[in-house]
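Heads up: the sequence lines are chains S and F, in that order. Residues 2 to 331 (our numbering) are what the first sequence spells out, left to right. Residues 4 to 383 (our numbering) are what the second sequence spells out, left to right.
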Amino acid sequence: MEQVLFALVTIIVGVFGCVAYFYLSNLALDSIYPPRGPNAGRNILRSSAIRPWLFLGPSIILLSLYLVYPVFNSIWLSFHDASGDRFVGVDNFAWMVGDDKFAESMRNNILWLIVVPAVSTFIGLIAAAITDRISWGNFAKSMIFMPMAISFIGAAVIWKFIYDYRGEGTTEIGLLNSIAASFGMSPQAWLTLPIWNSLFLMTVLIWIQTGFAMVILSAALRGIPEETIEASVLDGASPLQIFFKIKVPQIWGTIAVVWTTITILVLKVFDIVLAMTNGQWGSQVLANLMFDWMFRANDYGRASTVALVIMVMVTPIMVWNIHNARKEMN
Amino acid sequence: MENMAGTRARLVWVVNLSAVALVLLWIIPTIGLLVSSFRDRDQIASSGWWNALFPAEQSTFIRSALPETQIEEDGVFVISGNLFEGQESQGEFVAFGVNSRNPNAFEPGDEAPMSKGRTLTLLPNGDYRLTSPEPHVGSRGVRIFVTLIEPARFTLDNYKQVIFAEGIGQSFLNTFAVTIPATIIPILVAAFAAYALAWMQFPGRAILIAVVVGLLVVPLQLALIPLLRFHNNIGIGKEYIGIWMAHTGFGLPLAVYLLRNYIAGLPREIIESARVDGATDFEIFRRIVLPLSYPALASFAIFQFLWVWNDLLVATIFLGNNEQQLVMTGRLRELLGSRGGDWEILASSAFVSIIVPILVFFAMQKFLVRGLLAGSVKGG
Numbered sequence: 002m003e004q005v006l007f008a009l010v011t012i013i014v015g016v017f018g019c020v021a022y023f024y025l026s027n028l029a030l031d032s033i034y035p036p037r038g039p040n041a042g043r044n045i046l047r048s049s050a051i052r053p054w055l056f057l058g059p060s061i062i063l064l065s066l067y068l069v070y071p072v073f074n075s076i077w078l079s080f081h082d083a084s085g086d087r088f089v090g091v092d093n094f095a096w097m098v099g100d101d102k103f104a105e106s107m108r109n110n111i112l113w114l115i116v117v118p119a120v121s122t123f124i125g126l127i128a129a130a131i132t133d134r135i136s137w138g139n140f141a142k143s144m145i146f147m148p149m150a151i152s153f154i155g156a157a158v159i160w161k162f163i164y165d166y167r168g169e170g171t172t173e174i175g176l177l178n179s180i181a182a183s184f185g186m187s188p189q190a191w192l193t194l195p196i197w198n199s200l201f202l203m204t205v206l207i208w209i210q211t212g213f214a215m216v217i218l219s220a221a222l223r224g225i226p227e228e229t230i231e232a233s234v235l236d237g238a239s240p241l242q243i244f245f246k247i248k249v250p251q252i253w254g255t256i257a258v259v260w261t262t263i264t265i266l267v268l269k270v271f272d273i274v275l276a277m278t279n280g281q282w283g284s285q286v287l288a289n290l291m292f293d294w295m296f297r298a299n300d301y302g303r304a305s306t307v308a309l310v311i312m313v314m315v316t317p318i319m320v321w322n323i324h325n326a327r328k329e330m331n
Numbered sequence: 004m005e006n007m008a009g010t011r012a013r014l015v016w017v018v019n020l021s022a023v024a025l026v027l028l029w030i031i032p033t034i035g036l037l038v039s040s041f042r043d044r045d046q047i048a049s050s051g052w053w054n055a056l057f058p059a060e061q062s063t064f065i066r067s068a069l070p071e072t073q074i075e076e077d078g079v080f081v082i083s084g085n086l087f088e089g090q091e092s093q094g095e096f097v098a099f100g101v102n103s104r105n106p107n108a109f110e111p112g113d114e115a116p117m118s119k120g121r122t123l124t125l126l127p128n129g130d131y132r133l134t135s136p137e138p139h140v141g142s143r144g145v146r147i148f149v150t151l152i153e154p155a156r157f158t159l160d161n162y163k164q165v166i167f168a169e170g171i172g173q174s175f176l177n178t179f180a181v182t183i184p185a186t187i188i189p190i191l192v193a194a195f196a197a198y199a200l201a202w203m204q205f206p207g208r209a210i211l212i213a214v215v216v217g218l219l220v221v222p223l224q225l226a227l228i229p230l231l232r233f234h235n236n237i238g239i240g241k242e243y244i245g246i247w248m249a250h251t252g253f254g255l256p257l258a259v260y261l262l263r264n265y266i267a268g269l270p271r272e273i274i275e276s277a278r279v280d281g282a283t284d285f286e287i288f289r290r291i292v293l294p295l296s297y298p299a300l301a302s303f304a305i306f307q308f309l310w311v312w313n314d315l316l317v318a319t320i321f322l323g324n325n326e327q328q329l330v331m332t333g334r335l336r337e338l339l340g341s342r343g344g345d346w347e348i349l350a351s352s353a354f355v356s357i358i359v360p361i362l363v364f365f366a367m368q369k370f371l372v373r374g375l376l377a378g379s380v381k382g383g
């Protein structure tokens, strides 16, 4: 109970602190440069040059400290040893290039990058097309969308139960083994089969992300102008033709956004791997490798180097996003 | 024309059936764990959850009452009672036997002959009668081999156990203590920044917006080590205040981006006319922009709530794993390690941690969808 009270007090202090900061700083600005009386015009100009920075101040400080500074600090750390004190040049990078686990993580991450965004987006597109045509579509959407609310670790528990393996001579209670049995296969410890286990882990993320793709793509599909579809119906196009040749080409932009959003998420995937295999049996990924070096080995240099690789991999998407955002504003 | 109508009807069927298949595929994993969380330990281990709703046939042996309970009736020594006495299970017996070689030899109601002139009868409801011309000896009851059909059995014991004995209850409170401030603080901070970026004129505005868009995708992994070192240096390494700040920092780019997009879309006339009437920016923000931005604020609040509640990484790094600080995701991870095969514990723990975000999700789905659309479609 104690920390709930503590949390309540902090919420009040924090919230009031924020409000007080914004209120008082604005009040102070107004009393230094009163917007009325003599010199009102000059004062308003001056205060409106300062005021944006009062509004932006806390955000700029927090963003710089929590996101901008770490980028540079990580670069610095990657040239230093485990404790971050001694300069070691490119040793960490040299280690990384020759490391087997790193090669395995890269290979798996690339596999994840190919499979998860593609499958999620594709099933999401199909789900959007199907659920938009049925009377109980909203209910169906909710059900497919729901895994988004479940934590990765919760999802890991849910799916580990499906992949469960108990060994020879006992009743298999995992759904996958029971399905395999009905096809005459013997039970398998699925999560220990290299390559396959990565696919089983990807299934979990696909299960979570398909709902996201569906919701976005469904909105895009509904935004397609009716005339194009009516015209193609009149020309005798079949429903499948209409979907793939008329509708999908019109929402390529949205598909790209969904794809890149899921791609970024995939690069950071961590909880699922940690909870289900912890990178054993050839299923390691970059984010979990980084966590290993940081938390278990306490090697900040190598961990930062791995983190930088993730950063480099998201950079093209970052540039593309900024480019798009600027284009839209102009 | 008739042919076309036929095709249409078939298509409607195909679409409906595919939707049913897809929905089933998507909810079955969750349902499996949900059903299991209400089954008891033995049943989870002895049959798949998909059998949970059906009576299960089980073969086992149960011992009769002890020989010391025997009574003499007309020169015959009798031990009698009910096999369910002292057992958790219930159901109906469909076969029984007196040795392990042939455990299904007799049907309930039969009189089964045993060695030394003894006989055993068993009724479907479990009543049995063991007779012998000589007094029964020994320190244990006779083994009776049975096959019984057990009805589906559900229990709340798993939940009681994880909440009160496995520490899930405490973690539940810890998670709230992390989540609520980490949701409210970034909204406040971001709302002001978003207003400034949308409606105030100052040099560098376009660059700042671009920076925010860029920071949206910076991987968390990059920030962990520098920030942990920083937090340790200023003494909030494993404190609640540290994780609130961390979540605020990590959530800000999305908050500023979403809110700016929304606030920039508010009608220009309203804000300009307030300016003409002499309202300061602070008043415009508080009286006009904030109330009108309620849907966007709600959207971001849900994002941030779900993200913080479901986060494992930030909590592992910035909070300790003692009783007072371990959040639910961390506890679940710990249980996966220590109680790996105990699905009754894992299933019910997982559901305690999932239930809050699921409720929030269903209650606020509209805002969540709206936020997603604003966050990604506009970006393209």
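By construction, the Cβ of each residue, glycine as well, lies at the ideal position given by its N, Cα and C atoms. Keep in mind that this is a model prediction, so the values were computed, not measured.
| Item | Value |
| --- | --- |
| Run of the beta strand (DSSP E) containing Glu-173 of chain S, from where it starts to where it stops | Premise fails: Glu-173 of chain S is in no beta strand (DSSP E) and is neither H nor E. |
| Three or more C-beta pairs below 8 Å linking the region 220-235 of chain S and the region 189-209 of chain S | no |
| Candidates S:Lys-161, S:Gly-155, S:Phe-103: closest to Ile-361 of chain F by CA position | S:Gly-155 |
| Coil, strand or helix - Gln-189 of chain S by DSSP | coil |
| Length of the line joining the Cα atoms of Phe-17 of chain S and Tyr-24 of chain S | 10 Å |
| Within 7 Å of chain F by C-beta, residues of the region 107-125 of chain S in sequence order | none |
| Any 3 or more C-beta pairs closer than 8 Å across the region 212-222 of chain S and the region 116-132 of chain S | yes |
| Cβ-based burial, Glu-5 of chain F [other Cβ within 10 Å; buried from 16] | Caution applies to Glu-5 of chain F, whose pLDDT of 47 falls short of 50 and renders its modelled position unreliable; the model cannot decide the point. |
| Rounded C-alpha distance that separates Pro-250 of chain S from Val-270 of chain S | 30 Å |
| Phe-103 of chain S versus Asp-92 of chain S - alpha carbon distance | 15 Å |
| Beta bridge counterpart(s) of Gln-93 of chain F as assigned by DSSP | For Gln-93 of chain F, which the question treats as bridged, DSSP gives no partner whatsoever. |
| Close Cβ partners of Arg-208 of chain F (< 7 Å) along its chain, the five nearest in sequence each way excluded | Leu-200 |
| Own chain residues within Cβ distance below 7 Å of Ile-320 of chain F, not counting five before or after | Leu-227, Leu-231 |
| Beta carbon of Val-206 of chain S nearer than 8 Å to that of Thr-278 of chain S | The identity of residue 206 of chain S in the sequence shown is Leu, whereas the question assumes Val. Contact flag unset, no. |
| Chain F contact for Thr-338 of chain S (CB, 8 Å cutoff) | This structure cannot settle anything about residue 338 of chain S, because the visible part of chain S is limited to 2 through 331. |
| Sub-8 Å separation of Ser-305 of chain S and Ser-75 of chain S beta-carbons | yes |
| Cα-Cα separation between Ala-150 of chain S and Leu-309 of chain F, rounded to whole angstroms | 6 Å |
| Trp-160 of chain S burial status per 10 Å Cβ neighbour count (16 or more: buried) | buried |
| Ala-267 of chain F: first and last residue of the uninterrupted beta strand (DSSP E) it sits in | Per DSSP, Ala-267 of chain F belongs to no beta strand (DSSP E); it is in the alpha helix (DSSP H), 243-267. |
| Minimum Cβ-Cβ distance from Leu-257 of chain F to chain S less than 8 Å | no |
| Cβ-based contacts, 8 Å cut-off: residues of the region 26-40 of chain F near chain S | Val-26, Trp-29, Ile-30, Ile-31, Pro-32, Thr-33, Gly-35, Leu-36, Ser-39 |
| Given 8 Å, three or more beta-carbon pairs between the region 162-177 of chain F and the region 83-103 of chain F | no |
| Range of the contiguous beta strand (DSSP E) that encloses Tyr-164 of chain S | Looking at the DSSP string, Tyr-164 of chain S is not in any beta strand (DSSP E), and its letter there is neither H nor E. |
| Closer than 8 Å to chain S by CB, Gly-323 of chain F | no |
| Coil, strand or helix - Gly-84 of chain F by DSSP | strand |
| CA-to-CA distance, Ile-174 of chain S to Thr-316 of chain S, given in whole angstroms | 44 Å |
| The region 244-256 of chain F / the region 63-74 of chain S touching (three or more Cβ pairs under 8 Å) | yes |
| Beta-carbon contacts of Trp-312 of chain F that lie in its chain and below 7 Å, excluding the five residues immediately before and after | Thr-178, Thr-182, Val-359, Pro-360 |
| Reduced DSSP secondary structure (H/G/I, E/B, other) of Gly-383 of chain F | Unreliable positioning characterises Gly-383 of chain F in this predicted model, as indicated by a pLDDT of 31, which lies under 50. The coordinate reading is nonetheless provided below. It is coil, neither helix nor strand. |
| Selection from F:Phe-96, F:Val-355, F:Ala-155 that minimises the alpha carbon distance to Leu-176 of chain F | F:Val-355 |
| Burial state of Glu-169 of chain F, where buried means 16 or more other Cβ atoms lie within 10 Å | buried |
| Minimum C-alpha distance to Ala-83 of chain S - residue among S:Ala-50, S:Trp-96, S:Met-144 | S:Trp-96 |
| Residues, ordered as in the chain, of the region 118-149 of chain F that lie near chain S by beta-carbon distance below 8 Å | none |
| Alpha-carbon to alpha-carbon, Ala-318 of chain F and Gln-327 of chain F | 13 Å |
| Beta-carbon neighbours of Ser-50 of chain F, restricted to chain S and to distances below 9 Å | Thr-172, Ile-174 |
| Where Leu-227 of chain F sits in the DSSP three-state scheme | helix |
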